[in-house]
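If you're matching positions, the sequence shown starts at 1 in the UniProt record's numbering and goes up one per residue. Below: the structure, in structure tokens.
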Amino acid sequence: MIGNEALKRLNGGFQFQNNPGLCGDGIASLRACTVYDNTQINPVKPFGSHSNDTTPIDISEPSGFKEHCNQSQCSNSSKFPQIAVLAAVTSVTVILAGTGILIFFRYRRHKQKIGNTSESSDWQLSTDLTLAKDFNRNGASPLVSLEYCHGWDPLGDYLNGTGFSREHLNSFRLNLEEVESATQCFSEVNLLGKGNFSSVYKGTLRDGTLVAIRSINVTSCKSEEAEFVKGLYLLTSLRHENIIRLRGFCCSRGRGECFLIYDFAPKGKLSKYLDQEEGSSNVLDWSTRVSIIIGIAKGIGYLHSSEVNKPAIVHRNLSVEKVLIDQQFNPLIADCGLHKLLADDIVFSVLKTSAAMGYLAPEYVTTGRFTERSDIFAFGVIILQILTGSLVLTSSMRLAAESATFENFIDRNLKGKFSESEAAKLGKMALVCTHEDPENRPTMEAVIEELTVAAPVMATFLFS
């Protein structure tokens, strides 16, 4: 029933066709309300209220009905799926990026292991069938050969005017099978020592010859192929009775290593005979000490000399660890020219050990250069170590050598069995060689000349 004055003013504009039972007073288009209509009117109750004797009206929403939300609610509900999608996309992107980076580094590492570094000139290794046929004709086994990027051939007849023939280098090459056989596949039993950049194994060649095999990871070698091959040429050219002999080399692409095969020195390193307890069988007698000093001098003199196929070489890393002893107790200088094969950062890392042991000439700190006088300094340190029988030298030992106070200078394990004149001469020579000013150090040629007139026994060792 309608009686509102506002509706009356609508007159004909009031539409009620969808409610045919509607009645009202004062509206022409509606029927007049009766008493019956008035009895059907229900009073309006507050929403959700009910009396104690009636059942609440169920106003729950039907399934599937979605209430109209306000703006903030709609915003939150619409943002949630967007955030979820964004998080999923971000996660996938991160995973793909991480996978890509991992694959990239594994690829780089793999390339390094097979002989490549980040430069385009990095070296690779493969089998040269032509060379294998040549060696088979000469009775040698097939060899692993070097192959470089850009089609460069290091085994041409000559390399950049070095004067070394291809046949000369080939004559030193061994295949990986021979190296593995010699070391029993690099068994730990045959491991002689392991350093920061290489390992040394004892091996036996098929003809029964004992050898020492140094394994160098290709990432520690020079990346410039021309420089590396020149270094190999240099090592193969060294020939002297007091220089450890290089028998051959092998470069393995599969292992990512270069192997240098040397003669084996059965008596070990010179350092083995220092700091010995009284009565030890490793205590060297006086004549053996003198002969070792003479032999080292001759070996260094050879390195410093220049010959037709061998330029003058500075060792750079002389120490009692680099002097090996053969069966007759002759000294053999090891690692001659090795720095010609190694990357600069490896060479510098080796210097730390040399400096810590007192072999590094003081001028290197200011000049950063090695000269022949650098080797002379290290030689002087070695002389003092041999005479004192001690690896670690003290200032009191130097003072005793200067004053020829033998009881505080010469190894007590000798029990007085030594030549005082020779000891005095060698002590003075060691001090001169270790002079702080490199210009005041003698050349090795002068050292050898001095030793020839020092004593008859020394002259005998020099010209033997």
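Even for Gly, the Cβ is constructed at its ideal location relative to N, Cα and C.
To the nearest angstrom, how far is it from the Cα of residue i to the Cα of residue j?
{"i": "Phe228", "j": "Ser237", "result": "15 angstroms"}
{"i": "Glu278", "j": "Asp411", "result": "10 angstroms"}
{"i": "Arg173", "j": "Lys194", "result": "24 angstroms"}
{"i": "Ala212", "j": "Val350", "result": "20 angstroms"}
{"i": "Thr434", "j": "Gln327", "result": "30 angstroms"}
{"i": "Cys251", "j": "Ala182", "result": "15 angstroms"}
{"i": "Ser291", "j": "Glu188", "result": "34 angstroms"}
{"i": "Ala378", "j": "Val94", "result": "56 angstroms"}
{"i": "Ala330", "j": "Lys222", "result": "The displayed chain sequence assigns Asn, not Ala, to residue 330. Their Cα atoms are separated by approximately 32 angstroms."}
{"i": "Leu191", "j": "Asn217", "result": "16 angstroms"}
{"i": "Gly295", "j": "Asp263", "result": "17 angstroms"}
{"i": "Glu307", "j": "Glu167", "result": "20 angstroms"}
{"i": "Phe186", "j": "Ala297", "result": "34 angstroms"}
{"i": "Ala355", "j": "Pro362", "result": "9 angstroms"}
{"i": "Asn309", "j": "Leu341", "result": "18 angstroms"}
{"i": "Ala404", "j": "Thr394", "result": "15 angstroms"}
{"i": "Lys428", "j": "Leu318", "result": "20 angstroms"}
{"i": "residue 467", "j": "Gly98", "result": "Absent from the model: residue 467. The displayed extent of the chain is 1 to 464, so no value can be given."}
{"i": "His68", "j": "Leu86", "result": "For His68, the pLDDT reaches just 48, beneath the cut-off of 50, and the residue's location in the model is therefore unreliable, although a value from the coordinates is still provided. Their Cα atoms are separated by approximately 27 angstroms."}
{"i": "Lys269", "j": "Thr367", "result": "31 angstroms"}
{"i": "Leu426", "j": "Val179", "result": "42 angstroms"}
{"i": "Tyr302", "j": "Lys322", "result": "16 angstroms"}
{"i": "Ile83", "j": "Gly100", "result": "25 angstroms"}
{"i": "Phe409", "j": "Glu436", "result": "21 angstroms"}
Rank the options by C-alpha distance to the C-alpha of residue i and give the top, closest one.
{"i": "Val320", "options": "Arg245, Val432, Ile382 and Ala312", "result": "Ile382"}
{"i": "Lys415", "options": "Gly389, Glu439, Met429 and Ala404", "result": "Gly389"}
{"i": "Asp344", "options": "Tyr273, His168, Thr219 and Thr99", "result": "Thr219"}
{"i": "Glu177", "options": "Ala404, Phe418, Phe249 and Val314", "result": "Phe249"}
{"i": "Gln385", "options": "Ile448, Leu431 and Pro362", "result": "Leu431"}
{"i": "Lys417", "options": "Ile448, Phe406 and Glu436", "result": "Phe406"}
{"i": "Pro438", "options": "Thr209, Leu360 and Leu399", "result": "Leu360"}
{"i": "Asp285", "options": "Asn413, Gly358 and Phe186", "result": "Asn413"}
{"i": "Leu324", "options": "Lys425, Ala265 and Tyr302", "result": "Ala265"}
{"i": "Phe197", "options": "Ile346, Thr452 and Ile376", "result": "Ile346"}
{"i": "Gly254", "options": "Ser280, Asn175 and Ser271", "result": "Asn175"}
{"i": "Asp234", "options": "Leu169, Val392 and Ile83", "result": "It is Leu, not Asp, that sits at residue 234 in the sequence shown. Comparing Cα positions, the closest option is Leu169."}
{"i": "Leu205", "options": "Glu225, Glu224, Ser215 and Gln184", "result": "Gln184"}
{"i": "Leu451", "options": "His304, Thr353, Ser305 and Ile293", "result": "Ile293"}
{"i": "Gly358", "options": "Val392, Ser305, Ser171 and Ala424", "result": "Val392"}
So what does DSSP say about residue i, is it helix, strand or coil?
{"i": "Val308", "result": "coil"}
{"i": "Leu338", "result": "helix"}
{"i": "Gly416", "result": "coil"}
{"i": "Glu277", "result": "coil"}
{"i": "Ala404", "result": "coil"}
{"i": "Ser223", "result": "coil"}
{"i": "Arg166", "result": "helix"}
{"i": "Ala212", "result": "strand"}
{"i": "Ile320", "result": "One point to set straight first is that residue 320 is Val, not Ile, in the sequence displayed. Residue state, collapsed to three classes: helix."}
{"i": "Ser187", "result": "coil"}
{"i": "Glu257", "result": "strand"}
{"i": "Cys33", "result": "coil"}
{"i": "Lys267", "result": "coil"}
{"i": "Ile325", "result": "strand"}
{"i": "Pro438", "result": "helix"}
{"i": "Lys249", "result": "For clarity, residue 249 is Phe in the given sequence; the question names Lys instead. Strand."}
{"i": "Leu303", "result": "helix"}
{"i": "Leu393", "result": "coil"}
{"i": "Leu192", "result": "strand"}
{"i": "Ile95", "result": "helix"}
{"i": "Gly358", "result": "coil"}
{"i": "Glu445", "result": "helix"}
{"i": "Gly368", "result": "coil"}
{"i": "Leu332", "result": "strand"}
{"i": "Ser171", "result": "coil"}
Within 10 angstroms of the Cβ of residue i, are there 16 or more other Cβ atoms? Answer buried if so, exposed if not.
{"i": "Leu96", "result": "exposed"}
{"i": "Glu422", "result": "buried"}
{"i": "Gly299", "result": "buried"}
{"i": "Glu420", "result": "exposed"}
{"i": "Phe348", "result": "exposed"}
{"i": "Glu402", "result": "exposed"}
{"i": "Asn282", "result": "exposed"}
{"i": "Gly380", "result": "buried"}
{"i": "Arg31", "result": "exposed"}
{"i": "Ser396", "result": "exposed"}
{"i": "Glu225", "result": "buried"}
**Message:** Would the stretch 193–211 count as touching the stretch 250–267 if we require 3 or more Cβ pairs under 8 angstroms?
**Reply:** Taking one beta carbon from each stretch, the stretch 193–211 and the stretch 250–267 have 3 or more pairs nearer than 8 angstroms; the two touch.
Next item on the list: Could you say if the stretch 439–449 and the stretch 357–377 meet the contact criterion of at least three C-beta pairs nearer than 8 angstroms?
Entry: Yes: the two stretches touch, three or more of their Cβ pairs being nearer than 8 angstroms.
Problem set entry | Touch test, the stretch 244–258 against the stretch 332–352, Cβ-Cβ under 8 angstroms, three pairs minimum | With a cut-off of 8 angstroms, the stretch 332–352 and the stretch 244–258 count as touching, because enough Cβ pairs lie within range.
Contact between the stretch 297–317 and the stretch 263–281: three or more CB pairs below 8 angstroms?
Not touching, per the Cβ criterion.
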